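**Q**
2 protein chains.
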Amino acid sequence: MSAAKNGVWPRTGLLLKIVSNGRRQISALHVAGDFLDLHSFLLKTMDHGVLALTTCRIAAVPHATLEKITNEYPHLTRMLWLNTLIDGAIHREWLTAMGRLSATAHMAHLICELYLRLKAVGRAEGETVQLPITQAELGDTLGLSTVHVNRVLQELRKEGLIRFQGDALTILDWERLTKVGEFTSTYLSLQNEDR
Amino acid sequence: MSAAKNGVWPRTGLLLKIVSNGRRQISALHVAGDFLDLHSFLLKTMDHGVLALTTCRIAAVPHATLEKITNEYPHLTRMLWLNTLIDGAIHREWLTAMGRLSATAHMAHLICELYLRLKAVGRAEGETVQLPITQAELGDTLGLSTVHVNRVLQELRKEGLIRFQGDALTILDWERLTKVGEFTSTYLSLQNEDR
DNA sequence: CGGCTCTTTGACCCGACTCAACGCTCGTGG
DNA sequence: CCACGAGCGTTGAGTCGGGTCAAAGAGCCG
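Protein chains in written order, with the numbering used here: chain E, 19 to 213; chain G, 19 to 213.
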């Protein structure tokens, strides 16, 4: 949605939002091309911070522009709205993963999601994506301790589901990975009914 | 946002969405007046079910009407959009509560939120609101077992923070309750910048 | 080489879950 | 009018997933 205007493309293009209340919780991960914080257009309170995981290229859209768009281009407006709705769908999915999945399943679920999202924007090479995120940050995303993140990743590796060395994440067994994470991709679908 | 057209007003007006994956996770609670599932207008996949906790009065808005609104009334469109954005803000808040708060704190947080939301639509009598929800349902909301919900509630009662008998929930010590739940109400604010 | 950040490992602990039973209340039917 | 379920709340005992604390590798950069 947001085009890059200057600067270099991010190594992988991954952003995150944080909410700090003592410990921090990452409430969203963004990949290249995502429209970031679009909700701030209408929501006056900024309830989180944003933090870049890597060098990024950013394009800013002034609120005045959005105002103009919503006044004059209904279709485009609906597309922007849809964008925020998909964020919401992802949030709901995270919520259920958080509440009802084991640490391992939750991790598998997140990996499935990130892989598909990166693939969707052409950031996958075969079964491999660059995921420049630390285990501590994964913990902050999943609501787990760093130590446990490490153990969970080892388990997924030992099971032959993924390889994850350095920033390179490789899916070794998509079938079983989705099963472990109880993952279905429907909520990510950007397809809309041409509204 | 949605006006009632016929039928009786709900005893308390509380709805919930469920997502079932083996166990179920309630991803939203709605109070009287909430616009329900507005996101289904643009999001083609319905990723959850809806379930009424009590008898409710429902007003349906056809998608065709929404289409017309978005084509002709930019301001109203932004208000509808804002509505879905607030749902998103609540989701983010739940996410951090889920990931980073203890069971007791999480419960206190939820109680604070529901109390304020019910109060905002005139459903509070003094410090008391009607909350026709079972402990099992609370568990499905918070990601806790029914048994633990019970123990957590007892703890809040013993601490003199709330009274909760039958459906009547009374806030006994708002100050301490918000502290326990690390609750701040900003994310609920419906106020917008007149866009 | 030293220092930084990140990953990994081990030992121990505790919050929350499970299983199982019991009690209370209310609605329904004999 | 009582008996019986059904649903919900409550309690106890035992277990376990994940957290905490602490320290040791492993890259990486200046």
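Note that the Cβ used here is the ideal one computed from N, Cα and C, for glycine as well. This structure is a prediction, so every number in the text was calculated from the model and none was measured.
Give me the chain G residues within the contact set of N89 (chain E), using Cβ-Cβ distance strictly less than 9 Å, ordered along the chain.
**A** P92, H93
**Q** In terms of DSSP beta bridges, what is V198 (chain G) paired with?
**A** Paired residue(s): none; V198 (chain G) is not in a bridge.
**Q** Please confirm if W192 (chain G) has its CB atom under 9 Å from at least one CB of chain E.
**A** No, W192 (chain G) does not count as interfacial toward chain E.
**Q** If you draw a straight line from the C-alpha of D65 (chain E) to the C-alpha of Q172 (chain G), how long is it?
**A** 31 Å
**Q** Counting only Cβ pairs nearer than 8 Å, list the residues of chain E close to L113 (chain G).
**A** Q43, S45, H109, W112, L113, M116
**Q** Could you compute how far the alpha carbon of D105 (chain E) sits from the alpha carbon of M97 (chain G)?
**A** Distance between the alpha carbons of D105 (chain E) and M97 (chain G) is about 18 Å.
**Q** Say whether chain G places a C-beta atom closer than 9 Å to the C-beta of L69 (chain E).
**A** no
**Q** Can you list, in chain order, the residues of its chain with a C-beta nearer than 7 Å to that of R194 (chain G)? Leave out the 5 residues immediately preceding and following it.
**A** L179
**Q** Taking only beta carbons into account, state which residues of the stretch 156-188 of chain E come closer than 9 Å to chain G, listed in chain order.
**A** D158, T159, L160, G161, L162
**Q** Counting Cβ pairs closer than 8 Å, one from the stretch 189-206 of chain E and one from the stretch 122-135 of chain E, do we hit at least three?
**A** yes
**Q** Hey, quick one: how far does the beta strand (DSSP E) through L186 (chain E) stretch, first residue to last?
**A** Looking at the sequence shown, residue 186 (chain E) is not Leu but Ala. Looking at the DSSP string, the run of the beta strand (DSSP E) that includes A186 (chain E) is 186-189.
**Q** Quick one: what does DSSP say F182 (chain G) is sitting in, helix, strand or coil?
**A** strand
**Q** Where does V79 (chain E) fall in DSSP's three states?
**A** coil
**Q** Answer with buried or exposed for I189 (chain G), where buried requires no fewer than 16 other C-beta atoms within 10 angstroms of its C-beta.
**A** buried
**Q** Do you know whose CA, among E:K62, E:T164, E:R110, E:N168, lies nearest D55 (chain G)'s CA?
**A** When the alpha-carbon of D55 (chain G) is set against those of E:K62, E:T164, E:R110, E:N168, the nearest one is in E:R110.
**Q** Reducing DSSP to helix, strand and coil, say where E177 (chain G) ends up.
**A** In the displayed model, E177 (chain G) falls within coil according to three-state DSSP, outside both helix and strand.
**Q** So is I151 (chain E) in contact with chain G if we call contact Cβ pairs under 9 Å?
**A** no
**Q** Which same chain residues, not among the five before or five after H57 (chain G), have their C-beta less than 7 Å away from its C-beta?
**A** T102
**Q** Within 9 Å of any Cβ in chain G, is that where the Cβ of H66 (chain E) sits?
**A** yes
**Q** So what's T95 (chain E) in DSSP terms, helix, strand or just coil?
**A** Note: T95 (chain E) maps to helix in three-state DSSP.
**Q** Going by Cα to Cα distance, which pick from E:E200, E:T146, E:R141 is closest to G7 (chain E)?
**A** Any question about residue 7 (chain E) goes unanswered here, given that chain E covers just 19 to 213.
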